[in-house]
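K.L.:
Have a look at the structure that comes next, please.
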Amino acid sequence: MAVATLAHEPDQLYVETRELRIQGFLLFMVSDLVLFSSFIFAYLYMRNSGQGWPAGGPKLDIALAALNSIVLFGSGATMHFALENWKHRNFSKFANWIVMTIILGAGFLSGQVMEYIHIGARWSDGIFGASFYTLTGMHGLHVFAGIIYLTVLLLQALQGKYTFTKYTGLTLGTLYWHFVDVIWVVLFSIFYLL
Amino acid sequence: MAAITASVNAGGGLADHIHPEPQGFFRKYVFSIDHKIIGIQYMITAFLFMILGGMLAELIRVQLMKASGGIMTPDTYNEVYSVHGSTMVWLVIIPLLTGGFGNLIFPVQIGARDVAFPWLNMLSFWLFPPAGLMLYASFLMGAPTAGWTEYPPMSLQGAAGTSMWAAAIFLIGVSSTMTGINFLVTILKMRAPGMTFTRMPLFVWGQFVTAPLLMIATTALGAALAALFVQRQFGVAFFDPTRGGSPLLWQHMFWFYSHPAVYIMILPAFGIISEVLPTFSRKPIFGYKMIAFSSCAIAILGFMVWAHHMFTSGLAPALQLPFMVLTMLIAIPTGIKIFSWVATLWGGVIRMTTSMMFALGFLATFTLGGITGVFLAAVPFDLHVHGTYFIVAHLHYVLVGGSLMGVLAGLFYWYPKMTGRLMNEKLGHWAFWLFFIGFNGTFLPMHWLGIWGQPRRVAVYDPQFQGWNQVASWFSFVMTAALVLVLFNALWSIRRGKKSGPNPWNARTLEWQIPSPMPYYNFKHVPSVFAAPYDFAEPLPYKGLEEELKGGPPPVPAAH
Ligand code: HEM
Ligand SMILES: [Cu+2]
């Protein structure tokens, strides 16, 4: 291959720069999406083959789930405000919004635990129980991981790890949190509305 | 390259980020973040697992020397071939082609200093050895018995080792996914100035098309494994028909992604072959763009044909025809490649190095495997041979005759880039012929054994098949001997091989422009690329490898 070496060419870096990290993270979310999609397709496929529902239909508490969804979407909004405030260099508001997000996320998880306690289906019941518990359980784990993630971000921000021009970690945290929201829209639709 | 300049600026000052080469043994060779060391780590680990997997293979062949009453009970036999298949697919071929050769070579070929996420790369590697050990630890608790595909209900009844198997393969999957993401970002964002997509060497194209498959296919395999695991351990009813699940669900989940996964095992090998053939024919590769685009076509089609593994599993007849036609379509891009490779050889100045011989062997055997694949795509034929040794023959022609020959071609080709020395050519020629003869002697008879009806995955068989099974077994020892010879050659050449200089083959891609072994950070200065690869037009001082080797180290261009 014909090659010229230019002594003054700026040397390419080895670091994980902002652009690389965001792209890598987007790809990670794609593969995570595939994980969810596989279970979703499995569920829809089995359900349409006519064996999906436990006798008498699943007894899901749609009111509780709707309330819970509002809590989760609210946390998406608060996270959005957190990042915006960071961009506008308002540190104390940023901290407040991110704490709000964490509280709402925890609220969502408690709602989910309540639902698990009251629901009329068991995971051994059949494809419905299997899919419901696997998918919502996986989603719950993502929320849980997100709460830890956001807490770490907050602590890092408090320690001054981010500057107002260098905050890739915060961007990624926000992306992740929105991703978890979007997944929930799909799960809510297929389990409660469909 | 706007992208790189931009990221340079975003990343802050140069001095902060160029790390000095680590000096301690552990940071340099064990927990290294250098893509070349990680590539070598993958290769060493994968070759170690290949020894284990190969021993299991020989156990299988010894068992089948006799129609009945071999050395193993049927249960042990089931464990042996299940772990053999899983080892070869997930612990040998995929790690060698992606983590191994991928890591070692493609970042240099695009003029990068490292992959996009070096720490993630180290983490990906360090998931791999524990996962492999977990797979082998399953022998202690009753290894999986339902083959590498682990169909329920059999896999639900297997001993605890089956859950261990699922967990081990899941870990490998996580590792592969991270590798895929890493490679994709690297190729998209870290190419040197002037390295456009149409100037990328074809090995890079192979990795570029494989990376999304690694990322997507393996994740979904992970979903299937997770479902199997929770059903086995917690009674979650995915595959149990009495509770509304279905064993067929596993087949859909497994093949929807494991069919694309077979392309993970062949596309990088296509890339290796596309490097070796032009270099040793001293001709630019014929149909560069066709080869690159046909890889993309294969990857996309690959996601649409999974049900050809399920023709006999109760797939609706209305679905059989589309899956049959789509599967046969894959033969077109594959055929285009084979045509381009042969056309590359046409009129070239052929140098019969060991690497070239393995590449030519690849052409012959992979083509045969592809042809039997098209046979299998025909539903009526598949109904007859499904579950027989014909499938075993097909899959070994593509996986051993294809992927593994690609690996061996690549090993002899790039060995100097790892060690600064050449592998011994004489031993290499011996190894090639032993391998080629042993391989065909082992697997060719399986075609007719399958057509005559010998079922696969069974420890005893009809005595009328015993003769050909003995032939296969004897030749399998020859093949194993050849592989041992290759490993011996690789070890021996680390110290005793001829010094190679930077560019022993007079190749044109970027990795040959830097010293051998490749230095930390690869390039002193990032190169600017201004022409396509495989440009052999300029007259070269080349006289023939044998002469060069006799007359001491070949003439080398000055290193920079
Ligand atoms: C021209 C391309 C190919 C076609 C048309 C094709 C077609 C098929 C079909 C129809 C089957 C299913 C047979 C059955 O189970 O009854 C099959 C099995 C298989 N093929 Fe291919 N194939 C092709 C290339 C490849 C390649 C490149 C690889 C891997 C590198 C591969 C690996 C396998 C494996 C591993 C199996 C057996 C799976 C099992 O254990 O049941 N094939 N092939
Ligand atoms: Cu297939």
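These protein sequence lines are chains V and G, in that order.
Each number in our numbering corresponds to the 1-based position in the first sequence with 986 added.
Each number in our numbering corresponds to the 1-based position in the second sequence with 1 added.
Glycine is no exception: its CB is placed at the ideal position from the N, C-alpha and C atoms.
Note that the structure is a prediction, hence the values are computed from the model and not measured.
1) Against M216(G), what residues of chain V qualify as contacts under a CB-to-CB distance less than 9 Å, listed in chain order?
2) For ligand 1, which residues have a Cβ under 6 Å from at least one heavy atom, in chain order?
3) Report the three-state DSSP secondary structure of V1172(V) (helix, strand or coil).
4) Within 10 Å of its beta-carbon, does T443(G) have 16 or more other beta-carbons around it, so buried, or fewer, so exposed?
5) Are there 16 or more other CB atoms within 10 angstroms of the CB of L172(G), so buried, or fewer, so exposed?
6) Taking DSSP as the reference, what is the three-state secondary structure of V1166(V)?
7) Between which two residues does the alpha helix (DSSP H) containing P119(G) stretch?
8) Do you know how far the Cα of F436(G) is from the Cα of L484(G)?
9) Would you say P540(G) faces chain V, with C-beta separation under 8 Å as the test?
10) From which residue to which residue does the alpha helix (DSSP H) around V186(G) run?
11) Give a single yes or no on whether V306(G) has its beta carbon closer than 7 Å to a heavy atom of ligand 2.
12) Does Y1031(V) get closer than 8 Å to chain G when you measure Cβ to Cβ?
13) Name, please, each residue of chain G whose Cβ falls closer than 9 Å to the Cβ of I1113(V).
14) Name the residues in the segment 179 to 209 of chain G whose C-beta lies less than 8 Å from a C-beta of chain V; which are they?
15) Residues of chain V with CB closer than 8 Å to the CB of V277(G), please, in chain order.
16) Can you determine whether any heavy atom of ligand 2 sits closer than 7 Å to the C-beta of H260(G), and answer yes or no?
17) Could you check if T366(G) is buried or exposed, using at least 16 other CB atoms within 10 Å of its CB as the buried criterion?
18) For L1158(V), collect the residues of the same chain with a Cβ closer than 8 Å to its Cβ; drop the 5 residues on either side in sequence, then sort them by chain order.
19) Of all the CB atoms in chain V, is at least one closer than 8 Å to the CB of A221(G)?
20) Among Y1135(V), F1165(V) and I1103(V), which one has its Cα closest to the Cα of L1050(V)?
21) Mapping the DSSP letters down to three states, classify V530(G) as helix, strand or coil.
22) If contact means a Cβ-Cβ distance below 7 Å, which residues of the segment 89 to 118 of chain G contact chain V?
23) Check this for me: beta carbons of L423(G) and P505(G), under 8 Å apart or not?
24) Would you say H253(G) reaches chain V, if we count a Cβ-Cβ gap shorter than 8 Å as a contact?
25) What are the start and end residues of the alpha helix (DSSP H) that includes D241(G)?
26) Evaluate contact between the segment 259 to 268 of chain G and the segment 295 to 305 of chain G, counting only Cβ atoms and requiring at least three cross-stretch pairs below 8 Å.
27) Which same chain residues, not among the five before or five after T1120(V), have their C-beta less than 7 Å away from its C-beta?
28) Judging by CA-CA distance, which residue of I1176(V), S1110(V) and D1167(V) is the nearest neighbour of M1065(V)?
29) For V487(G), which residues in chain V fall below 8 Å Cβ to Cβ?
30) If contacts are defined as beta-carbon pairs under 8 Å, then T510(G) and P269(G) qualify, I think. What distance do you get, rounded to the angstrom?
31) Just to check my reading of the structure: A1081(V) and I1133(V) have Cβ atoms closer than 8 Å, yes? What is that Cβ distance to the nearest angstrom?
32) Between which residues of its own chain and A68(G) is the CB-CB distance below 6 Å, once the five residues before and five after are set aside?
33) With a threshold of 16 other CB atoms inside 10 Å of the CB of R62(G), please say whether the residue is buried or exposed.
34) Take Y1178(V) and list the residues in its own chain whose beta-carbon comes closer than 7 Å to its own, dropping the five residues that flank it on each side.
35) Count the other CB atoms, across all protein chains shown, that sit within 10 Å of the CB of G1146(V); report buried if there are 16 or more and exposed otherwise.
P.N.:
Well, looking at it:
1) L1013, F1014, V1016, S1017 and V1020
2) T150(G), V263(G), M266(G), I267(G), H309(G), H310(G), T328(G), I331(G), A332(G), T335(G), G371(G), G374(G), V375(G), L377(G), A378(G), D383(G), H387(G), I392(G), H395(G), L396(G), V399(G), L400(G), G403(G) and S404(G)
3) DSSP places V1172(V) in the helix class (H, G or I) of the three-state scheme.
4) buried
5) buried
6) helix
7) P119 to A138
8) 7 Å
9) Unreliable placement is indicated for P540(G), whose pLDDT of 46 sits below 50; no coordinate value is reported for it.
10) G162 to K190
11) V306(G) has its Cβ nearer than 7 Å to a heavy atom of ligand 2.
12) yes
13) By Cβ distance, chain G contributes A238, F239, R244, G245, G246, S247 and L250.
14) G181, I182, N183, L185, V186, L189, K190, M191, A193, P194, R200 and P202
15) Going along chain V, no residue has its Cβ under 8 Å from V277(G), so there is no contact; the nearest lies around 16 Å.
16) Yes, since a heavy atom of ligand 2 falls inside the 7 Å radius drawn around the Cβ of H260(G).
17) By the neighbour-count rule (16 or more Cβ atoms within 10 Å), T366(G) is buried.
18) R1007, I1008 and F1011
19) yes
20) Checked all of Y1135(V), F1165(V) and I1103(V); the closest Cα to L1050(V) is I1103(V).
21) Correct three-state label for V530(G): strand.
22) Contacts with chain V (Cβ-Cβ distance below 7 Å) from the segment 89 to 118 of chain G involve A113, R114, D115, A117 and F118, listed in chain order.
23) yes
24) So yes, H253(G) belongs to the interface.
25) D241(G) -> no alpha helix (DSSP H), and no H or E assigned at all.
26) yes
27) F1025
28) D1167(V)
29) The premise fails here: V487(G) is roughly 29 Å from chain V at the closest Cβ pair, so nothing lies under 8 Å.
30) T510(G) to P269(G), Cβ: 15 Å. No contact.
31) Not confirmed; about 16 Å, so no contact.
32) Within the same chain, Cβ atoms closer than 6 Å to the Cβ of A68(G) are found at Y462, P464 and Q467, the five residues on either side in sequence being excluded.
33) buried
34) Result list for Y1178(V): L1046, I1048 and A1051, in chain order.
35) exposed
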